[in-house]
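First the structure, in the form of structure tokens, and then the observations on it.
Numbering (my numbering), first residue to last: 1031 to 1405.
This is the structure:
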């Protein structure tokens, strides 16, 4: 009576999204062993950028830490324009392609692909890819089954992103109240979150970071200072320097940020969200210093979570290069010079170097997300 084994039983378990995707891939391979890779790329509508997010292919990662403008991927843009999936049963069709993503896939020996656009409530979310090292395998019979798996995997992705969206909305509503009082602007958050992503991408090889981690650093970094809502106006909006007692009160915002996030995560049941501890660590520890002089815990060097070290550099750099009522914007040269001075003392040297070595990307972000005095 109980002889049948549910091949997708893992999807009922409290596993991470990555583990569920790997399990779904194993189920696909039990039917079609030639499907060697399933991957997700997410779309950032703010920048028209397509970014690798997650895959189930083990050590075979031809597009790890890759992003490109959708305008520079005409074959994918055509899929989106048609709103229909695409089958390529022999990738020799693209062997002379000039785009980096096409070349990387070709170099990895993939011979066929099936690409599905992902939509949620009519909004484009990204692409789902099935790849095979064998050509001519995606027949109509195979595709009829992969469609079911594809929509199942897409629903898992959309559900995770929807949970993130709800959580971010709850936190941003709270932090939005803060930013009505705080002189920092929405443009600051747009820039510093993307600086954080630049740093995380540059450190991916050194620290073995996957694309999902990088994406969550990007998504969670704007929420770093939500605890400021608990700081009195007399301190938060003080035009001059804070005295010792006021500084002590201001510094409590890091702990309060963590407490607020813990409350929202518990009340809304968000504990299962992938990399939720990345958010907690960013909020609580982004004011720690590598020499132990920071707050709230006086952590040093590697005791400080990497995501907090990343956000600290991104936040300081944008604060330096942004206009504030009490200061003029610094030039990038002057800001980079100070970051170098602080590297190894207050700020993580790897993170500082990662930002400075990607100056062209920094300048592109500054150009796109100019200062907005209205937030």
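No residue lacks a Cβ here, since even glycine has one placed at the ideal position from N, Cα and C.
How is residue i classed by DSSP in three states: helix, strand or coil?
| i | result |
| --- | --- |
| residue 1121 | helix |
| residue 1220 | helix |
| residue 1333 | helix |
| residue 1243 | helix |
| residue 1320 | coil |
| residue 1097 | strand |
| residue 1085 | strand |
| residue 1188 | helix |
| residue 1041 | helix |
| residue 1167 | coil |
| residue 1031 | coil |
| residue 1373 | strand |
| residue 1284 | helix |
| residue 1257 | helix |
| residue 1062 | coil |
| residue 1268 | coil |
| residue 1405 | Here residue 1405 scores only 43 on pLDDT, less than 50, and its place in the model is too uncertain to base an answer on. |
| residue 1140 | coil |
Cutting at 8 Å between CB atoms, please list the residues of its own chain near residue i, excluding the five before and the five after it.
| i | result |
| --- | --- |
| residue 1351 | 1359, 1360, 1361, 1362, 1365, 1396 |
| residue 1325 | 1281, 1284, 1317, 1318 |
| residue 1039 | none |
| residue 1382 | 1343, 1369, 1370, 1372, 1373 |
| residue 1254 | 1287, 1312, 1313, 1316, 1341, 1345 |
Name the residue from the options whose alpha carbon lies nearest to the alpha carbon of residue i.
| i | options | result |
| --- | --- | --- |
| residue 1334 | 1372, 1376, 1282 | 1376 |
| residue 1114 | 1144, 1226, 1301, 1267 | 1144 |
| residue 1275 | 1262, 1287, 1286 | 1262 |
| residue 1072 | 1258, 1244, 1257 | 1244 |
| residue 1151 | 1344, 1254, 1343, 1185 | 1185 |
| residue 1306 | 1371, 1198, 1173 | 1198 |
| residue 1182 | 1399, 1041, 1357 | 1041 |
| residue 1221 | 1176, 1400, 1380 | 1400 |
| residue 1367 | 1354, 1380, 1386, 1357 | 1386 |
| residue 1160 | 1296, 1054, 1329 | 1054 |
| residue 1268 | 1354, 1225, 1299 | 1354 |
| residue 1289 | 1272, 1270, 1260 | 1260 |
| residue 1192 | 1300, 1112, 1294 | 1300 |
| residue 1298 | 1196, 1388, 1398 | 1196 |
Suppose contacts are defined by Cβ-Cβ distances below 8 Å. Is residue i in contact with residue j by that definition?
| i | j | result |
| --- | --- | --- |
| residue 1070 | residue 1187 | yes |
| residue 1340 | residue 1190 | no |
| residue 1223 | residue 1251 | yes |
| residue 1139 | residue 1148 | no |
| residue 1247 | residue 1393 | no |
| residue 1168 | residue 1117 | yes |
| residue 1234 | residue 1331 | no |
| residue 1043 | residue 1084 | no |
| residue 1291 | residue 1266 | no |
So, at 7 Å on beta carbons, what are the nonlocal neighbours of residue i in its own chain, with the 5 sequence-adjacent residues on each side left out?
| i | result |
| --- | --- |
| residue 1218 | 1348, 1352 |
| residue 1165 | 1119, 1120, 1141, 1142 |
| residue 1046 | 1304 |
| residue 1194 | 1249, 1303 |
| residue 1050 | 1040, 1041, 1186 |
| residue 1172 | 1062 |
| residue 1231 | 1095, 1244 |
| residue 1239 | 1230, 1233 |
| residue 1226 | 1247, 1248, 1251, 1340, 1341, 1344 |
| residue 1328 | 1322 |
Can you give the beta carbon distance from residue i to residue j, rounded, assuming they're within the 8 Å contact cut?
| i | j | result |
| --- | --- | --- |
| residue 1287 | residue 1256 | 5 Å |
| residue 1082 | residue 1241 | 5 Å |
| residue 1087 | residue 1066 | 7 Å |
| residue 1097 | residue 1080 | 7 Å |
| residue 1058 | residue 1179 | 5 Å |
| residue 1174 | residue 1064 | Not confirmed; about 16 Å, so no contact. |
Less than 7 Å separating the Cβ of residue i from some heavy atom of the ligand FMN?
| i | result |
| --- | --- |
| residue 1108 | With respect to the ligand FMN, the structure shown offers nothing to examine, as it has no ligands at all. |
With a threshold of 6 Å on Cβ separation, who are the neighbours of residue i within its own chain once the five nearest residues in sequence on each side are excluded?
| i | result |
| --- | --- |
| residue 1378 | 1320, 1339 |
| residue 1390 | none |
| residue 1100 | 1078, 1080, 1107 |
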